[in-house]
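Undergrad: Top line first, the protein sequences correspond to chains F and R.
If you read the first sequence in my numbering, its first letter stands for residue 606, the second for the next number, and so on.
If you read the second sequence in my numbering, its first letter stands for residue 3, the second for the next number, and so on.
For glycine and all other residues, C-beta sits at the position ideal for the given N, C-alpha and C.
This is the structure I have questions about; it appears just below.
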Amino acid sequence: MLFITSLGYAEEKIDSAKLIGNAKEYDGKIIIYEGEVIGDIMSRGKYAWVNVNDGKGTIGVWVDRDLAKEISYVGNYSYNGDWIEIKGIFNRACLQHGGDLDIHAKTLRIIREGSLREDQIPTFKINLGVSLMIAYLLLTGSYLLKKLIWKRRLVS
Amino acid sequence: MVLKPQIEDIKIIGFYSGKIIISLSLIMLLPILCGLFFKETQPVLDFTISMGITYLFGLLLTRLCYTNKELNWMQGMIVVSLSWLFAMFFGAFPLFLSGHWNSYLDACFDAMSGFATTGLTLVKDLDHLSYTHNFWRHLTIFIGGQGIVIIALSVFTKGFIGAFRMYVGEAREEKILPNLIYTARFIWLISIVYLILGTLILATIGIINGLRTKNAFFHGACLFMAAFDTGGFTPQSQSILYYHSLPLEIVTMIIMILGAINFKLHYNVWTNRWKDILKDIETSIFLVTVTITFFITALGITQLSSYSNFTMLFRKGFYQLISAHSGTGYQTIYAYQFSREWGQLALTGIILAMSLGGAVCSTTGAIKMLRIGIIFNAIKEDLKRIMFPERSFLIQKFYHLKDMVLEDKQVRAASLITLSYIILFLLGTLVGVFYGYPFLYSLFESVSASANVGLSCGITNPNMPWGLKLTYIVQMWTGRLEFMSVFTLISFFLAVLKGK
């Protein structure tokens with residue numbers, strides 16, 4: 606408890622833009638940050654790196670590997686990642702990680718589970734794509750045929 | 003009296019531009035293959051559409067303007083500058099169709115940024131972009147780095163006289179091998195061998211660092227393409243900070259430096275002439291300027307006590323500096339940290355490094371080491387003339403690929419290009435200031451765009467004014483082609499309007 610008090614609290618939800626823009630103000634404080642897990646969860650021994658995007662920016666979160674196991678979906682082209690809430694210490698230039706701006710998580714809570722992203726293809730794209738492909742194949746075919754005829758004429 | 007260009011000039015320009023556009027359309031097959039591998043239906047369709055439109059336009063141009071005449075100097079230069087604009091327009095199609103760019107102008111911005119190996123980006127929600135589109139972003143850097151015309155040259159089985167004119171128009175003057183087609187192919191050979199090696203190394207680091215195997219190889223290939231061609235795009239929005247990895251930072255730093263070296267020196271290394279690298283004027287100038295600019299940057303960071311120990315200062319400061327000096331644009335800090343935590347002196351150090359660039363005949367932009375060396379030697383020679391007796395006969399020598407004697411025409415050419423860059427930097431800065439951004443930040447972003455670096459202190463984002471987007475597009479294009487071909491294109495249009 607003493608440890609936490611000496612670090613100081615800023616126990617409000619803070620977005621990435623505010624954290625990065627006012628990094629000196631929040632440096633070393635316990636903050637609450639939430640966002641979508643994006644990219645891979647990168648395990649490093651007993652810990653893991655989880656990159657969390659709140660829509661305004663992405664911040665790397667250093668989290669206990671067991672806590673990271675609770676994450677089911679990571680955000681990429683096919684999926685929306687889990688929306689998580691992190692409570693942890695914000696570091697403007699982390700001593701442990703070579704000066705990276707990061708958050709060392711104390712707790713991690715899944716707010717909303719991720720999901721498959723819809724990939725509905727507009728009809729105009731299908732029509733245009735098929736028409737252009739046919740035109741492309743016809744033109745290439747006619748060019749190759751023409752070349753072949755010329756070659757045969759030259760030989761004969 | 004200015005002569006009005008003839009229809010024949012336009013036909014020749016159209017015909018060769020068309021050939022380059024067809025080459026570009028064929029390259030779009032690569033992202034289609036990537037999309038099929040990753041089973042991404044919609045992105046494959048985006049590229050099929052874009053490939054079809056590009057191919058048909060190229061074909062139309064070659065048919066309408068069919069000629070068997072060779073290019074002259076003026077036409078060669080115009081073909082190059084126009085081809086880069088066409089590449090931007092057509093390269094932006096698949097990006098725009100993805101829906102990750104606010105407007106077609108934004109997609110054009112990123113396409114030009116890729117082809118010009120800059121790395122500034124206006125993409126939205128990059129972390130959800132498909133593998134296919136992400137691959138294309140990085141491929142544009144790889145294509146642009148070697149030169150769009152180089153690709154067209156590489157696929158021609160026979161050389162043609164106009165080839166050298168286009169090669170020069172793309173800001174390259176030194177032929178590595180006597181035959182230009184072999185030179186073009188050698189540049190590709192180097193790049194592909196390094197691509198395979200670099201991808202393997204970066205993928206291994208990625209796997210060790212916890213990336214999934216598929217992603218490790220994908221990121222490895224993308225990172226290599228953008229680092230070796232000093233581009234600066236990354237597959238994720240946090241740039242290199244996404245990986246939180248010291249080994250990856252070290253390897254990408256080595257690749258950035260390799261990309262900043264003259265291709266001719268790569269050839270010498272391949273042919274066991276290692277010593278040439280150490281003797282060359284560009285290497286010594288590079289070492290001196292890196293030391294000076296790092297000293298300035300480190301002093302600036304120290305003034306604000308941004309990092310609590312020297313290891314952190316070196317890791318962050320040196321990485322950003324090498325990224326700036328090589329014209330890459332990879333970042334291990336957030337854009338706003340530049341402006342909020344590094345201070346004006348450190349920013350000045352980074353701006354200086356960005357404006358200097360790497361070697362000639364490399365993929366870097368900016369003034370470049372050889373020109374700095376020539377100007378420095380010219381000043382030294384002039385000082386000697388003042389100090390030495392009037393009757394003394396002075397010869398200033400330097401080593402660049404071979405022993406060379408400093409000549410007035412070299413000094414003139416180096417000074418002209420340097421002056422042109424300084425004017426371009428200042429013009430972009432003026433536009434930034436006009437839109438209300440502070441002078442130093444405007445200068446930072448303007449130098450970054452003109453020198454094809456890609457570092458940002460926060461100005462470049464999808465919401466910036468369209469006038470500034472257009473300015474940076476022009477800066478990236480002009481800076482990459484090193485002025486001459488762009489000036490020729492402008493003169494050509496003026497001649498069309500005013501010529502008799």
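What are the boundary residues of the beta strand (DSSP E) that residue 648 of chain F is part of?
TA: Within the first sequence, the letter at position 43 stands for residue 648 of chain F. Residues 635-649.
Undergrad: 9 Å is my cut-off, CB to CB: does residue 610 of chain F come that close to chain R?
TA: Here residue 610 of chain F corresponds to residue number 5 of the first sequence, with the count starting at 1. Low local confidence applies: a pLDDT of 42 at residue 610 of chain F is under 50, so the model's placement there is unreliable, with the coordinate-based value given in what follows. By this cut-off, residue 610 of chain F is not an interface position.
Undergrad: If we ignore side chains and look at the alpha-carbon of each, how far apart do residue 227 of chain R and residue 5 of chain R end up?
TA: By 1-based counting over the second sequence, the position of residue 227 of chain R is 225. By 1-based counting over the second sequence, the position of residue 5 of chain R is 3. In a straight line, the C-alpha of residue 227 of chain R is about 43 Å away from that of residue 5 of chain R.
Undergrad: Ignoring anything shorter than 4 residues, give me the alpha helix (DSSP H) runs that lie fully in the segment 300-329 of chain R, in order along the chain.
TA: DSSP runs (the alpha helix (DSSP H)) wholly in the segment 300-329 of chain R: 312-327.
Undergrad: If distances are taken between C-alpha atoms only, which option among R/236, R/430 and R/303 comes closest to residue 119 of chain R?
TA: The residue labelled residue 119 of chain R in the question sits at position 117 within the second sequence. Ranking the options by Cα distance to residue 119 of chain R, first place goes to R/236.
Undergrad: What residue from F/757, F/643, F/631 and F/622 has the CA that sits closest to residue 213 of chain R's CA?
TA: Locating residue 213 of chain R in the second sequence gives position 211, where the first residue counts as 1. The shortest Cα separation from residue 213 of chain R among F/757, F/643, F/631 and F/622 belongs to F/643.
Undergrad: Do you know offhand how far residue 378 of chain R's Cα is from residue 485 of chain R's?
TA: Here the question's residue 378 of chain R lines up with position 376 in the second sequence. Here the question's residue 485 of chain R lines up with position 483 in the second sequence. So the alpha carbons of these two residues sit roughly 22 Å apart.
Undergrad: Thinking C-alpha only, which one of R/111, R/406, R/84 and R/452 is nearest residue 359 of chain R?
TA: Taking the first residue of the second sequence as 1, we reach residue 359 of chain R at position 357. Per the Cα distances, R/452.
Undergrad: Suppose you measure from the CA of residue 30 of chain R to the CA of residue 49 of chain R; what does that come to, to the nearest Å?
TA: To locate residue 30 of chain R, count along the second sequence from 1; it is residue 28. To locate residue 49 of chain R, count along the second sequence from 1; it is residue 47. Rounded to whole angstroms, residue 30 of chain R to residue 49 of chain R spans 7 Å at the Cα level.
Undergrad: Taking only beta carbons into account, state which residues of the segment 633-653 of chain F come closer than 9 Å to chain R, listed in chain order.
TA: Residues passing the 9 Å Cβ filter: 641, 643, 644, 645, 646, 647, 648, 649 and 653.
Undergrad: Please list the partners that residue 44 of chain R has in chain F, where partner means a Cβ-to-Cβ separation under 8 Å.
TA: For the purposes of this step, residue 44 of chain R is identified with residue 42 of the second sequence, where counting begins at 1. Ordered by position in chain F, the residues that pass the 8 Å Cβ test against residue 44 of chain R are 724, 726 and 730.
Undergrad: In chain F, what lies closer than 9 Å to residue 343 of chain R by C-beta?
TA: As a working note, residue 343 of chain R is residue 341 in the second sequence. Neighbours of residue 343 of chain R on chain F, chain order: 628, 629, 697 and 698.
Undergrad: Are residue 469 of chain R and residue 449 of chain R closer than 9 Å when you measure CB to CB?
TA: The count along the second sequence starts at 1 and reaches residue 469 of chain R at position 467. The count along the second sequence starts at 1 and reaches residue 449 of chain R at position 447. Not a contact, by the Cβ cut-off of 9 Å.
Undergrad: Going along chain R in order, which residues have a C-beta closer than 8 Å to the C-beta of residue 710 of chain F?
TA: Looking up residue 710 of chain F in the first sequence gives position 105. Simply none; closest approach about 14 Å.
Undergrad: Given a limit of 7 Å on CB to CB distance, which residues of the segment 675-696 of chain F reach chain R?
TA: Of all residues in the segment 675-696 of chain F, 680, 681 and 682 have a Cβ within less than 7 Å of some Cβ in chain R.
Undergrad: Are the beta-carbon atoms belonging to residue 340 of chain R and residue 354 of chain R less than 9 Å from one another?
TA: Along the second sequence, read from residue 1 onward, the residue named residue 340 of chain R stands at position 338. Along the second sequence, read from residue 1 onward, the residue named residue 354 of chain R stands at position 352. For residue 340 of chain R and residue 354 of chain R, no; Cβs fall outside 9 Å.
Undergrad: With a CB to CB cut of under 6 Å and the five nearest residues on each side skipped, what residues in its chain are close to residue 136 of chain R?
TA: Within the second sequence, numbered from 1, the residue matching residue 136 of chain R stands at position 134. Answer for residue 136 of chain R: 237, listed in chain order.
Undergrad: Can you tell me whether DSSP reads residue 214 of chain R as helix, strand or coil?
TA: The residue labelled residue 214 of chain R in the question sits at position 212 within the second sequence. Note: residue 214 of chain R maps to coil in three-state DSSP.
Undergrad: Which residue comes first and which comes last in the beta strand (DSSP E) that contains residue 692 of chain F?
TA: Counted from its first residue, the first sequence places residue 692 of chain F at position 87. It spans 688-696 - the beta strand (DSSP E) in which residue 692 of chain F sits, taken as one unbroken run.
Undergrad: Does the count of Cβ pairs from the segment 318-337 of chain R and the segment 248-258 of chain R closer than 8 Å reach three?
TA: The segment 318-337 of chain R, when compared against the segment 248-258 of chain R, does touch it at the 8 Å Cβ threshold.
Undergrad: What three-state label does DSSP hand residue 278 of chain R in the structure shown?
TA: Within the second sequence, numbered from 1, the residue matching residue 278 of chain R stands at position 276. In the structure shown, residue 278 of chain R sits in a helix (DSSP, three-state: H, G or I).
Undergrad: Listed from N- to C-terminal order along the chain, which residues in the segment 116-140 of chain R have their beta-carbon within a distance smaller than 7 Å of any beta-carbon of chain F?
TA: Cβ contacts with chain F come from 129, 130, 131, 132 and 133.
Undergrad: Measure from the C-beta of residue 51 of chain R to each C-beta in chain F and report whether the shortest distance is under 9 Å.
TA: Looking up residue 51 of chain R in the second sequence gives position 49. Closer than 9 Å to some Cβ of chain F, the Cβ of residue 51 of chain R qualifies, so yes.
Undergrad: Find out if the Cβ-Cβ distance for the pair residue 631 of chain F, residue 623 of chain F is shorter than 9 Å.
TA: In the first sequence, residue 631 of chain F corresponds to position 26, counting from 1. In the first sequence, residue 623 of chain F corresponds to position 18, counting from 1. Yes, Cβ-Cβ distance for residue 631 of chain F and residue 623 of chain F is below 9 Å.
Undergrad: Could you tell me the distance, in whole angstroms, from the CA atom of residue 683 of chain F to the CA atom of residue 723 of chain F?
TA: The residue given as residue 683 of chain F occupies position 78 in the first sequence. The residue given as residue 723 of chain F occupies position 118 in the first sequence. Near 8 Å, if we compare the C-alpha coordinates of residue 723 of chain F and residue 683 of chain F.
Undergrad: Hey, could you find the ends of the beta strand (DSSP E) residue 437 of chain R is sitting in?
TA: For the purposes of this step, residue 437 of chain R is taken as residue 435 along the second sequence, with counting starting at 1. Careful: residue 437 of chain R lies outside any beta strand (DSSP E) and carries neither H nor E.
Undergrad: Within 10 angstroms of the Cβ of residue 633 of chain F, are there 16 or more other Cβ atoms? Answer buried if so, exposed if not.
TA: In the first sequence, the residue the question calls residue 633 of chain F occupies position 28. So residue 633 of chain F ends up on the exposed side.
Undergrad: Where does residue 697 of chain F land, buried or exposed, given buried means 16+ other C-beta within 10 angstroms?
TA: Locating residue 697 of chain F in the first sequence gives position 92, where the first residue counts as 1. Result: buried.
Undergrad: Which value, in whole angstroms, describes the spacing of the CA atoms of residue 646 of chain F and residue 127 of chain R?
TA: Here residue 646 of chain F is taken as the residue at index 41 of the first sequence, counted from 1. Here residue 127 of chain R is taken as the residue at index 125 of the second sequence, counted from 1. Cα-Cα distance, rounded: 19 Å.
Undergrad: Which two residues bound the contiguous beta strand (DSSP E) that contains residue 43 of chain R?
TA: Residue mapping note: residue 43 of chain R aligns to position 41 of the second sequence, counting from 1. Not the beta strand (DSSP E): residue 43 of chain R falls in the alpha helix (DSSP H), residues 43-66.
Undergrad: Taking 9 Å as the cut-off, decide whether the C-beta atoms of residue 34 of chain R and residue 53 of chain R are in contact.
TA: On the second sequence, position 32 is the one that residue 34 of chain R refers to. On the second sequence, position 51 is the one that residue 53 of chain R refers to. Against a cut-off of 9 Å, the Cβ pair of residue 53 of chain R and residue 34 of chain R comes out as a contact.
Undergrad: Can you tell me which of R/366, R/57 and R/374 puts its alpha carbon nearest to the alpha carbon of residue 416 of chain R?
TA: Locating residue 416 of chain R in the second sequence gives position 414, counting from the first residue. Closest option to residue 416 of chain R, Cα to Cα, is R/374.
Undergrad: What is the residue span of the beta strand (DSSP E) that residue 402 of chain R lies within?
TA: Against the second sequence, residue 402 of chain R aligns to sequence position 400. Residues 399-402.
Undergrad: In whole angstroms, what separates the C-alpha of residue 322 of chain R from that of residue 467 of chain R?
TA: Numbered from its first residue, the second sequence carries residue 322 of chain R at position 320. Numbered from its first residue, the second sequence carries residue 467 of chain R at position 465. About 27 Å.
Undergrad: In terms of DSSP beta bridges, what is residue 656 of chain F paired with?
TA: What you label residue 656 of chain F is simply residue 51 of the first sequence in a count that begins at 1. For residue 656 of chain F, which the question treats as bridged, DSSP gives the partners F/643 and F/665.
Undergrad: Give a yes or no on contact between the segment 256-274 of chain R and the segment 686-693 of chain F, applying the rule of three or more CB pairs nearer than 8 Å.
TA: These segments do not touch.
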